[in-house]
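All residue numbers for the sequence shown refer to my numbering, where the first residue is 333 and numbers rise by one.
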Amino acid sequence: MGAKMDVSLFDYKSPRAMKARLGRQLSPWALTLEISVVCLIVGGITLLAFGFAIGWLAIGLAAIPGMIVEWYKYELRDVPRLTNGKRVDDLLDGEILGLFTDQPTPQNIATLLSRSISGQFFAVRFGISGGFLEQIVSSNRDDTKAVFEEALHISSEVGNRITAGVLMLALVRQIPAKETLLGHLQLSEDDIFRGIKWYHHLRNLIDSTKVAARKPGGIGRDWSFGWIPTLSHFGQNISELSVRRTDLRIDTINQITKAINGRGVVALVGLTGVGKTQVVYELASELMSDSKDVPNAIRYHQIFMLDATRLVSMASGRGELEGLIQKLLSEAYTAKNIIICLDNAQVFFEEGVGSVDMTNMLLPILEVGRLPIILTVDEQKFLQISKRTPALAAAVNRITVHPTDEVQTLAVLEEQLPTIEFKRHVTYMYQAIREAYKLSARYVYDIAMPGQALSLLDAAADYAESGLVTAQSVGKAIEKTIGVKTNIVDDENERDKLLHLESLIHQRMIGQERAVSVIADALRRARAGIRNQQRPVGTFLFLGPTGVGKTELAKSLAAVYFGGEQNIIRLDMNEFVSTNDVARLIADGTEDAGSLTAQVMKQPFSVILLDEIEKAHSSVLTTLLQLLDEGILRDAKNREVSFRDTIVIATSNAGSDRIQEYLHRGYNLEQFEDTFVDELISSNVFHPEFLNRFDEIVVFAPLNKVELLKVIDLILVDVNKNLSEQKITVTVAQDAKEYLVEAGYDPRLGARPMRRVVQRSVENTVAKLMLSKELQAGGSIEMTLDQVKEILDKKSQADDIIAK
333 MGAKMDVSLF DYKSPRAMKA RLGRQLSPWA LTLEISVVCL IVGGITLLAF
383 GFAIGWLAIG LAAIPGMIVE WYKYELRDVP RLTNGKRVDD LLDGEILGLF
433 TDQPTPQNIA TLLSRSISGQ FFAVRFGISG GFLEQIVSSN RDDTKAVFEE
483 ALHISSEVGN RITAGVLMLA LVRQIPAKET LLGHLQLSED DIFRGIKWYH
533 HLRNLIDSTK VAARKPGGIG RDWSFGWIPT LSHFGQNISE LSVRRTDLRI
583 DTINQITKAI NGRGVVALVG LTGVGKTQVV YELASELMSD SKDVPNAIRY
633 HQIFMLDATR LVSMASGRGE LEGLIQKLLS EAYTAKNIII CLDNAQVFFE
683 EGVGSVDMTN MLLPILEVGR LPIILTVDEQ KFLQISKRTP ALAAAVNRIT
733 VHPTDEVQTL AVLEEQLPTI EFKRHVTYMY QAIREAYKLS ARYVYDIAMP
783 GQALSLLDAA ADYAESGLVT AQSVGKAIEK TIGVKTNIVD DENERDKLLH
833 LESLIHQRMI GQERAVSVIA DALRRARAGI RNQQRPVGTF LFLGPTGVGK
883 TELAKSLAAV YFGGEQNIIR LDMNEFVSTN DVARLIADGT EDAGSLTAQV
933 MKQPFSVILL DEIEKAHSSV LTTLLQLLDE GILRDAKNRE VSFRDTIVIA
983 TSNAGSDRIQ EYLHRGYNLE QFEDTFVDEL ISSNVFHPEF LNRFDEIVVF
1033 APLNKVELLK VIDLILVDVN KNLSEQKITV TVAQDAKEYL VEAGYDPRLG
1083 ARPMRRVVQR SVENTVAKLM LSKELQAGGS IEMTLDQVKE ILDKKSQADD
1133 IIAK
């Protein structure tokens, strides 16, 4: 039996605690009591109407349950916290306080949390339920004191309020293996702490909605300020919508109100997705409020949103569009209490598809500034328009809306979540919100934060499991959209493929065991989640003569694991031999879809092959250093492009003769590999700072005749695959294969002559037989040594073929 609870921490018999328990007991009966009051009053009035004096008794009896109901509503249902209180019972939410028993253990506290609304919030949003905690927290009453002390400490940082989240965090902090527990849930203490603030914010939002009455302001003054039929038809009065102003954009909104009160014309400039339109919505609510920050001259002004793109699409021509805009602006000016917002205003200041240049008409109106107008404009477009029409930039107050950082983005996601959930009929876990920020920052390039994360969060709803959107749902949304693998491998087929990756690659290429091994190891580390997430999956430099499998390994890897050879991004570095070629490397995709950054933005999960890297200009190699080291490159628009899901393979033929020389002198690769790399540095082929960026530098040895015989087998497999539709099979006798190797063997060219020799001797023969109908569908042919010899016509003829 534990010691008695310290009443300085928790007083079970305090007036507030007793009220909370009584309120809890009355809660199931409140509706019944209300109904009884109504029935007694209605019955009493009915009796009196028929002349029965007993009706007065019925009405009098209604007063008893009526008083109980009123007492419950105003004092017991929601027992106010004692904000200056020092004990747990002073600060606990009433719904939880009413559940407490005398002398509770940590286990008792965990149990009662699952019965509270705030406890259910954490169970759903974070995966931490009271029942789950009940199994792992202490059942010793003596440990309750530490829980209460921790809860009081946490509450001091979140507004002196103890909710289920505060108690949960206090309980978690008492668990010896808390780090393991939180790691299993993909959470940290900071995440739970953020969840506490999130829940408090939602409760405050609900409470403020209950008591706040919408101010009629300008809405009630429409008739006194003029008739606006055209504006009402083509525009949207966003002041009629209830949009809460967030703390995130307070400074921006204050800037706008001051600017409108002065010059009258504001240009909200920012990247797509930063929330320019949302700022205008929040401004509309601010103008309709009693905020002291709003100047009297524009208080209760209504904002009408006009979508410029929609107006252009609805008008049949320039003349009709000009007339429509003039009428809209005229009605707004006459009304006196209207602010016009031209959303996507850039379409009115440039010619193009979906755009009409209305500069000559709009510029004088903007310069006069008599009508308050807000323009929302894409940042890049505003720069182009300002350069072309400097007077426009001078006529407006430019206010930049910046992308949000991580903390700000998470706040926006939490704010917008109820709306998304209502629309998509799903529930989001907190881990999904955090994952949406992380993955969108890495993979979504066309819009900025918070729009990046919001779009991904919305897409993740399609991958909800039983109506619940988890971090895995967000990962699946990215995987299905752009093909990148984000979640740690949990599929048995992929697991098996990773474990046997070497043998799968060797089904397509021969030899080079070490190179295949380092590639496979890098992928296994990545998919097991134990690699450095701030670098590419792997960076490799393959050195060796031509025809030994350097490029073939990259192709094989792409085919086996990256979904096909089309998922290889190949750059011939002999095309990047000048300083100017750096621009081609990082060009924007709209100007050069073949630039490295543009291809990776489109295909982030891929193999990058940098062929003949030694021929690239030093400026190009310097640019690649950041890619190899940090896994990022900035493109021409200064966007950070992630290479952290790519495998980067650079190949080089530099020093091939030297490799042959070492091998002829009897050295093994392992014996001269380091020396050979040092020779490349000393001869200034590569700088050490460049070579040091690679995870592995692998020297490829020339293929011997045994390996070339296996290459012949692989080539014949391809030949039969090509003939499979005609149901024709080709086999070559073993001694004929050996002759093909002898005929095509050239240590300088490696395996490359083998395909040409097979083409000349085997494929050409099959083609002639098929055309002459000597070989038909369903047939087969075996080529003998004599046939091959006859076709190749001596070794010298084979040499001529190779020379060509």
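Glycine included, C-beta positions come from ideal geometry on N, C-alpha and C. Keep in mind that this is a model prediction, so the values were computed, not measured.
Sub-9 Å separation of residue i and residue j beta-carbons
i: L386; j: I428; result: Correcting the residue identity first, residue 386 is Ile in this sequence and not Leu. No; because the gap between Cβ atoms is not below 9 Å, this pair is not in contact.
i: K1042; j: E1074; result: no
i: K351; j: V411; result: yes
i: V597; j: I706; result: yes
i: Q678; j: A726; result: no
i: Q393; j: R348; result: Note on identity: in this sequence residue 393 is Leu, with Gln being the wrong assignment. Not closer than 9 Å, so no.
i: G870; j: V848; result: no
i: F680; j: V644; result: yes
i: A793; j: R766; result: no
i: R409; j: S448; result: no
i: T433; j: E466; result: no
i: E682; j: Q716; result: yes
i: T983; j: A852; result: no
i: S1093; j: L1124; result: yes
i: T589; j: L615; result: yes
i: L1040; j: M1086; result: yes
i: D523; j: L537; result: no
i: G605; j: R581; result: no
Pick from the options that is closest to residue i, judged by C-alpha positions
i: K477; options: G1111, R457 and Q506; result: Q506
i: E747; options: D421, H533 and I441; result: H533
i: T1007; options: F1022, E797 and G987; result: G987
i: S892; options: P868, N912 and S835; result: Correcting the residue identity first, residue 892 is Val in this sequence and not Ser. Here the closest residue by C-alpha is S835.
i: A281; options: N970, M399, A764 and V776; result: Nothing can be reported for residue 281: it is not among the residues displayed for the chain, which extend from 333 to 1136.
i: L363; options: G1082, D943, P397 and F1004; result: P397
i: F636; options: G426, S571, D961 and N1054; result: S571
i: G417; options: L445, D343 and F453; result: D343
i: K713; options: I367, K1069, V1049 and K969; result: K969
i: T437; options: I672, T955 and D474; result: D474
i: Q958; options: I900, I862 and F1026; result: F1026
i: V688; options: D710, I671, N985 and E654; result: E654
Supposed contact pair residue j and residue i - C-beta distance, whole angstroms, cut 8 Å
i: V914; j: I979; result: Not confirmed; about 23 Å, so no contact.
i: Y1071; j: V1120; result: 5 Å
i: F566; j: L638; result: 7 Å
i: A809; j: A796; result: Rounded, the Cβ-Cβ distance is 10 Å, inconsistent with contact.
i: S450; j: Y531; result: 6 Å
i: A890; j: E884; result: Contact doesn't hold; Cβ gap of about 11 Å is too wide.
i: L749; j: L873; result: Contact flag wrong, Cβ pair sits at about 46 Å.
The beta strand (DSSP E) enclosing residue i, as first and last residue numbers
i: I597; result: The sequence as given places Val at residue 597; Ile does not occur at that position. Taken as a continuous stretch (DSSP letters only), the beta strand (DSSP E) holding V597 covers V597 to G602.
i: N729; result: N729 to T732
i: T708; result: I705 to D710
i: G870; result: G870 to L875
i: A982; result: I979 to S984
i: T1061; result: T1061 to V1064
i: R902; result: I900 to D904
i: D675; result: I670 to D675
i: E1153; result: What the structure shows of the chain is the stretch from 333 to 1136, and residue 1153 is not part of that stretch, so it cannot be assessed.
i: D1137; result: Past the edges of the chain, shown from 333 to 1136, lies residue 1137, and the structure says nothing about it.
i: I964; result: I964 to R966
i: S974; result: E972 to S974
i: I1029; result: E1028 to V1031
9 Å Cβ cutoff, residue i in contact with chain D
i: L1117; result: The structure shown contains no chain D, having only a single protein chain.
For residue i, the first and last residue of its enclosing alpha helix (DSSP H)
i: D639; result: That residue, D639, is in no alpha helix (DSSP H); its beta strand (DSSP E) goes Q634 to D639.
i: R348; result: P347 to L358
i: S662; result: R650 to A667
i: S450; result: I449 to F458
i: Q587; result: I582 to G594
i: F1004; result: L1001 to S1014
Distance cut-off 8 Å: residue i Cβ against heavy atoms of the ligand NAP
i: Q1066; result: The ligand NAP is absent from the structure shown, which contains no ligand whatsoever.
Exercise. Counting Cβ pairs, one atom from each stretch, are 3 or more of them under 8 Å apart for the region 835 to 847 and the region 950 to 963?
Worked result: The answer is no - the region 950 to 963 does not touch the region 835 to 847, with fewer than three Cβ pairs under 8 Å.
Exercise. Is the region 777 to 784 touching the region 734 to 744 in the sense that three or more CB pairs, one from each, lie closer than 8 Å?
Worked result: Verdict: yes, contact present.
Exercise. Between the region 688 to 704 and the region 651 to 670, do at least 3 Cβ pairs fall closer than 8 Å?
Worked result: Yes, the region 688 to 704 is in contact with the region 651 to 670.
For this session: Decide if the region 1051 to 1064 is in contact with the region 1100 to 1112; the criterion is three or more beta carbon pairs, one per stretch, under 8 Å apart.
Result: Touching, per the Cβ criterion.
Exercise. Below 8 Å, can you find three or more Cβ-Cβ pairs linking the region 991 to 1002 to the region 901 to 912?
Worked result: Flag = no, the region 991 to 1002 and the region 901 to 912 do not touch.
Problem set entry | the region 451 to 460 contacting the region 470 to 488, beta-carbon criterion three pairs below 8 Å | Too few Cβ pairs lie closer than 8 Å, so no.
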